Amino acid sequence: MATATHPRPITLPSSESGVWSWITTVDHKRIGILYLVTAFVFFIAAGIEALIMRLQLAAPNQELVSGDMFNQLFTMHGTAMIFMAIMPLNAAFFNFLVPLMIGARDVAYPRLNAFSYWLFLFAGLFLNASFIGGAPNVGWFAYAPLTEKLYSPTTGVEFWILGLALLGAASIVAAINFIVTILNMRAPGMTFRRLPVFVWMTLITSFLIVLAFPPFTVATILLYFDRVLGSTFFIPAGEAGGNPLLWQHMFWFMGHPEVYILILPAMGAVSEILPTFSRKPLFGYTAVVFSGISIGFLGFTVWAHHMFVVGLGTVVNAAFSVSTILIAIPTGVKVLNWSATLFRGSISLKTPLYFAVGFVALFTIGGLSGMMHASPPVDAQQSDSYWIVAHLHYVLFGGSIMGIFGGLYYWWPKMTGRLLNDSIGKVQFWLAFIGMNVTFGPMHILGNDGMPRRIYTYSSGQGWDEWNLVATIGSFVIALSMLLFLYNVWLSLIRGEEAGNDPWDGQTLEWSIPSPPPLYNFRTIPVVGSNRPFWDSKYSDIPLAEAVEDAEEEEIHMPPPSYWPAVVALGLSLAAVGLIYSYPLAIVSVLAMFAGIFAWTKESTEMSHGETGAQGY
Amino acid sequence: MPPVRGVRGPIGTVRYRNPALLAAAVAIIAPLLAACGELTQSTQQPVADNARQIQDLFMPILWISAIIFVLVQGALIYSVIRYRRRSESDPIPVQVHGDTRLEALWTVAPAVIVVVVAVMTFRTMAVQAEAPPPDALKVVVEGHQWWWKVVYPDLGIETANEIYVPIDRAIDVSVESDDVIHSFWFPQIAGKIDAIPGRTNRTLFTVEKIGRYQGQCAEFCGFAHAQMKMLLFAVTEADFESWTAAMKSTPAPQGLAQQGAEIFNTFISPTTGRGCFICHTVDGTSAQGTLGPSLTALGSRSTLGAALIDNTTENLTAWIRNPADIKPGVLMPVVGLDDDQIAAVVAYLQSLR
Numbered sequence: 011m012a013t014a015t016h017p018r019p020i021t022l023p024s025s026e027s028g029v030w031s032w033i034t035t036v037d038h039k040r041i042g043i044l045y046l047v048t049a050f051v052f053f054i055a056a057g058i059e060a061l062i063m064r065l066q067l068a069a070p071n072q073e074l075v076s077g078d079m080f081n082q083l084f085t086m087h088g089t090a091m092i093f094m095a096i097m098p099l100n101a102a103f104f105n106f107l108v109p110l111m112i113g114a115r116d117v118a119y120p121r122l123n124a125f126s127y128w129l130f131l132f133a134g135l136f137l138n139a140s141f142i143g144g145a146p147n148v149g150w151f152a153y154a155p156l157t158e159k160l161y162s163p164t165t166g167v168e169f170w171i172l173g174l175a176l177l178g179a180a181s182i183v184a185a186i187n188f189i190v191t192i193l194n195m196r197a198p199g200m201t202f203r204r205l206p207v208f209v210w211m212t213l214i215t216s217f218l219i220v221l222a223f224p225p226f227t228v229a230t231i232l233l234y235f236d237r238v239l240g241s242t243f244f245i246p247a248g249e250a251g252g253n254p255l256l257w258q259h260m261f262w263f264m265g266h267p268e269v270y271i272l273i274l275p276a277m278g279a280v281s282e283i284l285p286t287f288s289r290k291p292l293f294g295y296t297a298v299v300f301s302g303i304s305i306g307f308l309g310f311t312v313w314a315h316h317m318f319v320v321g322l323g324t325v326v327n328a329a330f331s332v333s334t335i336l337i338a339i340p341t342g343v344k345v346l347n348w349s350a351t352l353f354r355g356s357i358s359l360k361t362p363l364y365f366a367v368g369f370v371a372l373f374t375i376g377g378l379s380g381m382m383h384a385s386p387p388v389d390a391q392q393s394d395s396y397w398i399v400a401h402l403h404y405v406l407f408g409g410s411i412m413g414i415f416g417g418l419y420y421w422w423p424k425m426t427g428r429l430l431n432d433s434i435g436k437v438q439f440w441l442a443f444i445g446m447n448v449t450f451g452p453m454h455i456l457g458n459d460g461m462p463r464r465i466y467t468y469s470s471g472q473g474w475d476e477w478n479l480v481a482t483i484g485s486f487v488i489a490l491s492m493l494l495f496l497y498n499v500w501l502s503l504i505r506g507e508e509a510g511n512d513p514w515d516g517q518t519l520e521w522s523i524p525s526p527p528p529l530y531n532f533r534t535i536p537v538v539g540s541n542r543p544f545w546d547s548k549y550s551d552i553p554l555a556e557a558v559e560d561a562e563e564e565e566i567h568m569p570p571p572s573y574w575p576a577v578v579a580l581g582l583s584l585a586a587v588g589l590i591y592s593y594p595l596a597i598v599s600v601l602a603m604f605a606g607i608f609a610w611t612k613e614s615t616e617m618s619h620g621e622t623g624a625q626g627y
Numbered sequence: 065m066p067p068v069r070g071v072r073g074p075i076g077t078v079r080y081r082n083p084a085l086l087a088a089a090v091a092i093i094a095p096l097l098a099a100c101g102e103l104t105q106s107t108q109q110p111v112a113d114n115a116r117q118i119q120d121l122f123m124p125i126l127w128i129s130a131i132i133f134v135l136v137q138g139a140l141i142y143s144v145i146r147y148r149r150r151s152e153s154d155p156i157p158v159q160v161h162g163d164t165r166l167e168a169l170w171t172v173a174p175a176v177i178v179v180v181v182a183v184m185t186f187r188t189m190a191v192q193a194e195a196p197p198p199d200a201l202k203v204v205v206e207g208h209q210w211w212w213k214v215v216y217p218d219l220g221i222e223t224a225n226e227i228y229v230p231i232d233r234a235i236d237v238s239v240e241s242d243d244v245i246h247s248f249w250f251p252q253i254a255g256k257i258d259a260i261p262g263r264t265n266r267t268l269f270t271v272e273k274i275g276r277y278q279g280q281c282a283e284f285c286g287f288a289h290a291q292m293k294m295l296l297f298a299v300t301e302a303d304f305e306s307w308t309a310a311m312k313s314t315p316a317p318q319g320l321a322q323q324g325a326e327i328f329n330t331f332i333s334p335t336t337g338r339g340c341f342i343c344h345t346v347d348g349t350s351a352q353g354t355l356g357p358s359l360t361a362l363g364s365r366s367t368l369g370a371a372l373i374d375n376t377t378e379n380l381t382a383w384i385r386n387p388a389d390i391k392p393g394v395l396m397p398v399v400g401l402d403d404d405q406i407a408a409v410v411a412y413l414q415s416l417r
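Protein chains in written order, with the working numbering: chain A, 11 to 627; chain B, 65 to 417.
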């Protein structure tokens, strides 16, 4: 703990070390690290699922896994990467960074924050446990009526419905928390025009989650009714009066904003990394922020572009085509502003910059291929072909994952106090960059050659054999890159170079405090005078934290740890298990959840005085 | 494809046992095989108006994208190399916060590209939205897990998985589904259109080149989605006429085939309770089941199992013995016929032409 630079605060809550301190923690930084570790484990699991699929498809007519297992694998790969890997990896950054970047001591609702994490953890374990009895095998989009009991009799679909309902609840709760935190807990002087772009993107993402997930949760509940109670919401007209397309509308009303939920935080991270490593401000801060807002807004107007081939009609397709292509404008603005940030900078070629530039390069490819199937006739060929697999991985791997790794290399020193090895980092970047292009680049060709998605086998002689083999080789290069990252993490934890407060010559508030930050983050709440407060305190005469002296005697109040968030989350998750296997268990679990909520409301939020010493983790 | 001895893929020669019909079959099939060699599903080799219109739209958008790609990647690579920090003592660069004129320019530039792409798109959509001409051939294709029912409503013909159409004539396909959502896709012929239960979607195309084309279900539809293929035979108007005539005649089975017909139309296995006629129809006979594909004129089809394997004696025998060996997940069960019964049924089915 590098607290030496600050005077010891007067009173602090007790924060023991060990497992219980982590289970009961309400510290946003610890919760962020829990999110990071948990999501990374799920990320690796979903990556292994992808490797098995690539092995199956490496050559025609292979029988490594059965068709049904393959269907389970791609369903779980997509579901896990989206809801259990990228979203919570982003949440890890939100948790760790937002209070630090806005000059706050914690999030607005610390215990609710802990609840979000535990619910995410249990829901993720719950969904992965479905492999025991047959995982969901209907695709991450779960199109009705394939998901109806008649066509999918196993409990996999129940696992999917309940797992996503839990994950959705965790995300909504977390999003509300971040919205309130960002709106209410900014340091004095941290106006919206001075808010770091990463925080802006967090705010937009959180609004998208709050608007997109409730309708989707309703859809999953309707599907649950169809399966368990025999209702007919998605069973088609002639037979029962329902409509399978209703599911698609409700699903993609979440599903498309979800793309921006996944990519905007990475855009935020890149918008922090590029200026820092160019020693310049972000080019066109206002334009980048407004582009993010308009992407978020347009994101809700384009969902039917996932449905261009369901027969909505020429006029509907044309309208959704226009709204979709319009997104090219704010996206183009962002890409060009990032490029202009580098232009005439003093670019430090460190690993975070590699990943950030890699993000811009690869995301541009994903954006361009996306513009092509924004055209409904073109989409009639590309939809559900490997072209789409290529496109979405350029956006989500080339975009989100590259941004996340950039963020990890950039903020890891702040989280742990130690640097990741830069040389290993660069090798890891090149492996990831080459590997992803070798994996997903050929998939454009496969799609153009008519290879549909989600096929577990194909016959030889269609021109698909070679490119599939190339893609499989590429996927193992990506795997190697991930192993190298884990090695780098291990190396950093055992003997990483000390980072100090400000290893990158940073611009934003988090670099002004020790690494890792003390429990209370800021000894005194800073007063912000520009949108690069820490940079300006170093390089110009706008000082930071004018109020230091006045606050010397002020007590720092930090929320005390609590058991109840974990208890409530566990009760809710066990209720989902009970709904599948045993209704009595469900009832007991719900009662336990309510007991937890009751105890939560009765719990004292007074911090325990008398204990001193800022403890990290 | 699972390892069944003697099973051949749909690529290669189609075998015909009956010499008289062999001649007729060769007359139709041979030019097709000569025309295509290997089957492809490439969207880049369109053989019908619909797919070519899409290709003609795709290529300019691809070129626009290629130009943007080169410009953006070029700017990135140039900046990173040209402005890299050479030493830690490099001066702090000029702190440029933005440039309103530049930013306005690169807001307008993508907007112009958006308009160009949208206008090109709308022109293609307008062409493809035209109503079918009055002489269009109507075909109804209905997706099933995991095969395609093919009906010619005006000709009174029902078949499965293999579609015959005349070239140079508009084909007006109504796409439906009996169970879950499928997608009707012949990449060389037309963009895909979903087969959705409770709805009828339409697609319109005119094949311009004689040939045998392969298509495949493009919407994930459960276990055997990967093996839900189909073939389209584009033939001359005259060949199409003789095909429709052949489809409507019901040959009288002889010898072993007659025994097979008996088994097919009446036998219910005492062990499994199953029988051919319960699920299958053969026009002009008492077999009128509707759960499985129509087997009318099965002998003249070139493939089995939704264009999965060649229609040969060995393959048909293996298929009837245990369909799931060849196509895992298939809904057709083991009927429980002994080898002699299977041989008779195979002879019967092959006599249906």
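Cβ atoms here follow ideal geometry from the backbone N, Cα and C, with glycine treated the same way.
For clarity, every value in this text was computed on a predicted model and none was experimentally measured.
So A/Thr89 contacts chain B; which residues on that side make the cut at Cβ distance below 8 Å? Here residue 89 of chain A refers to the residue found at position 79 when the first sequence is read from its first residue. In chain order: nothing, as chain B lies at least about 14 Å away.
Near A/Gln438, what residues of its chain come up, given a Cβ to Cβ distance below 7 Å and the 5 sequence neighbours on each side ignored? Here residue 438 of chain A corresponds to residue number 428 of the first sequence, with the count starting at 1. Cβ neighbours of A/Gln438 beyond the five flanking positions: Ser491, Leu494, Phe495 and Asn498.
Just the chain B side, please: which residues come within less than 7 Å of A/Ser358 by C-beta, in chain order? Taking the first sequence and counting its residues from 1, one reaches residue 358 of chain A at position 348. In chain order: Arg149.
For A/Ala229, is the classification buried or exposed, using 16 other Cβ atoms within 10 angstroms of its Cβ as the cut-off for buried? If you number the first sequence from 1, residue 229 of chain A lands on position 219. Buried.
Buried or exposed (CB count within 10 angstroms, at least 16 for buried), A/Trp257: Walking along the first sequence from the start, residue 257 of chain A turns up at place 247. Its Cβ being crowded by 16 or more others within 10 Å, A/Trp257 is buried.
Listed from N- to C-terminal order along the chain, which residues in the segment 312-337 of chain A have their beta-carbon within a distance smaller than 8 Å of any beta-carbon of chain B? Val319, Val320, Gly321, Thr324, Asn327, Ala328, Ser331, Val332, Ile335 and Leu336
Starting from the beta carbon of B/Gln414, find every residue of chain A whose beta carbon is closer than 7 Å, and list them in chain order. Counting from one through the second sequence, the residue named residue 414 of chain B turns up at place 350. Neighbours of B/Gln414 on chain A: none; closest Cβ ~24 Å, over 7 Å.
For the putative contact between B/Phe250 and B/Tyr277, defined by C-beta atoms under 8 Å, what is the C-beta separation to the nearest angstrom? Walking along the second sequence from the start, residue 250 of chain B turns up at place 186. Walking along the second sequence from the start, residue 277 of chain B turns up at place 213. With a Cβ gap of about 6 Å, B/Phe250 and B/Tyr277 count as contacting.
Nearest chain A C-beta to B/Val203 closer than 8 Å, yes or no? Locating residue 203 of chain B in the second sequence gives position 139, counting from the first residue. It does not; no Cβ of chain A falls within 8 Å.
Could you compute how far the alpha carbon of B/Ala316 sits from the alpha carbon of A/Val148? Reading the second sequence from its first residue, position 252 is the one you call residue 316 of chain B. Reading the first sequence from its first residue, position 138 is the one you call residue 148 of chain A. Answer to the nearest angstrom: the Cα atoms are 45 Å apart.
A/Ile337: buried (16+ other C-beta within 10 angstroms of its C-beta) or exposed? As a first step, residue 337 of chain A is located in the first sequence; it is residue number 327 there, counting from the start. Flag for A/Ile337 reads buried.
Reference A/Phe235, options A/Gly510, A/Phe318, A/Glu158 and A/Gly278, closest by Cα: Numbered from its first residue, the first sequence carries residue 235 of chain A at position 225. A/Phe235 has its Cα closest to that of A/Glu158, out of A/Gly510, A/Phe318, A/Glu158 and A/Gly278.
Flag this pair as yes or no: are the beta carbons of A/Ala276 and A/Ser410 separated by less than 8 Å? Locating residue 276 of chain A in the first sequence gives position 266, counting from the first residue. Locating residue 410 of chain A in the first sequence gives position 400, counting from the first residue. Cβ distance < 8 Å, so A/Ala276 and A/Ser410 count as in contact.
Same chain only: Cβ atoms within 7 Å of A/Leu308, ignoring 5 sequence neighbours per side: Translated into the one-based positions of the first sequence, residue 308 of chain A becomes position 298. Closer than 7 Å at Cβ, skipping near neighbours: Ser333, Leu336 and Ile337.
Pick helix, strand or coil for B/Asp236, following the three-state DSSP scheme. The residue you call residue 236 of chain B lines up with position 172 of the second sequence. Reduced to three states, the DSSP call for B/Asp236 is strand.
Relative to the C-alpha of A/Val405, which residue among A/Ala179, A/Gly380 and A/Ile283 is closest? Here residue 405 of chain A corresponds to residue number 395 of the first sequence, with the count starting at 1. Of the listed residues, the one whose Cα sits closest to A/Val405 is A/Gly380.
In terms of residues, what are the limits of the alpha helix (DSSP H) holding A/Ile189? The residue given as residue 189 of chain A occupies position 179 in the first sequence. Counting along the chain, the alpha helix (DSSP H) containing A/Ile189 begins and ends at Gly166 to Asn194.
Pairwise C-alpha distance: A/Ile92 and A/Thr34: Position 24 of the first sequence, counted from the start, is the residue given in the question as residue 34 of chain A. Position 82 of the first sequence, counted from the start, is the residue given in the question as residue 92 of chain A. Straight-line Cα distance between these residues: approximately 27 Å.
Leaving out five residues before and five after A/Phe8 in sequence, what residues of the same chain have Cβ atoms less than 6 Å from its Cβ? Outside the displayed span of chain A (11 to 627) sits residue 8 of chain A, for which this structure offers no information.
May I ask which residues mark the beginning and end of the alpha helix (DSSP H) holding B/Gln414? Residue numbering aside, residue 414 of chain B sits at position 350 when the second sequence is read from its first letter. It spans Asp403 to Ser415 - the alpha helix (DSSP H) in which B/Gln414 sits, taken as one unbroken run.
Could you tell me if the beta carbon of A/Leu137 falls within a distance shorter than 7 Å of some heavy atom in the ligand HEM? Summarising the ligand content, the structure contains no ligands, and the ligand HEM is consequently not present.
Between the C-alpha atoms of A/Val399 and A/Ile375, what's the straight-line distance to the nearest angstrom? Working through the first sequence from its first residue, we reach residue 399 of chain A at position 389. Working through the first sequence from its first residue, we reach residue 375 of chain A at position 365. So the two alpha carbons sit approximately 13 Å from each other.
What is the rounded straight-line gap between the Cα of B/Leu97 and the Cα of A/Ala152? Reading the second sequence from its first residue, position 33 is the one you call residue 97 of chain B. Reading the first sequence from its first residue, position 142 is the one you call residue 152 of chain A. Unreliable placement is indicated for B/Leu97, whose pLDDT of 48 sits below 50; no coordinate value is reported for it.
How long is the line joining the alpha carbons of A/Ser140 and A/Gly427, rounded to whole angstroms? Position 130 of the first sequence holds residue 140 of chain A. Position 417 of the first sequence holds residue 427 of chain A. Taking the straight line joining both Cα atoms gives about 38 Å.
So who's on the other strand from B/Trp34, going by DSSP bridges? Because chain B spans 65 through 417 in this model, residue 34 of chain B falls outside it and cannot be assessed.
What number of angstroms, rounded off, separates the C-alpha of A/Asn138 from the C-alpha of B/Gln291? Counted from its first residue, the first sequence places residue 138 of chain A at position 128. Counted from its first residue, the second sequence places residue 291 of chain B at position 227. Approximately 28 Å between the Cα atoms of the pair.
Do you know offhand how far B/Lys312's Cα is from B/Glu226's? Indexing the second sequence from 1 puts residue 312 of chain B at position 248. Indexing the second sequence from 1 puts residue 226 of chain B at position 162. Their backbone Cα atoms lie some 16 Å apart in a straight line.
If you draw a straight line from the C-alpha of B/Pro155 to the C-alpha of A/Tyr573, how long is it? In the second sequence, counting from the first residue as 1, residue 155 of chain B sits at position 91. In the first sequence, counting from the first residue as 1, residue 573 of chain A sits at position 563. Going by the C-alpha atoms only, they are around 53 Å apart.
Counting Cβ pairs, one atom from each stretch, are 3 or more of them under 8 Å apart for the segment 280-288 of chain A and the segment 349-368 of chain A? yes
Which residues mark the beginning and the end of the beta strand (DSSP E) in which A/Met381 is found? Position 371 of the first sequence, counted from the first residue, corresponds to residue 381 of chain A. That residue, A/Met381, is in no beta strand (DSSP E); its alpha helix (DSSP H) goes Thr361 to His383.
A/Tyr466 touches chain B at which residues, Cβ-Cβ below 7 Å? For the purposes of this step, residue 466 of chain A is identified with residue 456 of the first sequence, where counting begins at 1. Under the 7 Å cutoff, chain B gives Ala290.
Report buried or exposed for B/Ala351, applying the criterion of at least 16 other Cβ atoms within 10 angstroms of its Cβ. Residue numbering aside, residue 351 of chain B sits at position 287 when the second sequence is read from its first letter. Under this definition B/Ala351 is a buried residue.
Whose C-alpha, out of A/Trp32, A/Arg64 and A/Thr89, is nearest the C-alpha of A/Phe52? Numbered from its first residue, the first sequence carries residue 52 of chain A at position 42. For the residues A/Trp32, A/Arg64 and A/Thr89, the minimum Cα distance to A/Phe52 belongs to A/Thr89.
Inter-residue Cα distance where the pair is A/Pro543 and A/Asp551: By 1-based counting over the first sequence, the position of residue 543 of chain A is 533. By 1-based counting over the first sequence, the position of residue 551 of chain A is 541. The straight-line gap from Cα to Cα measures roughly 11 Å.
With DSSP collapsed to three states, give me the class of A/Glu508. Position 498 of the first sequence, counted from the start, is the residue given in the question as residue 508 of chain A. A/Glu508: strand per DSSP, three-state reduction.
Run the CB neighbour count on A/Trp521, radius 10 Å, all protein chains shown included, and call it buried at 16 or more, exposed below. To locate residue 521 of chain A, count along the first sequence from 1; it is residue 511. A/Trp521 comes out buried.
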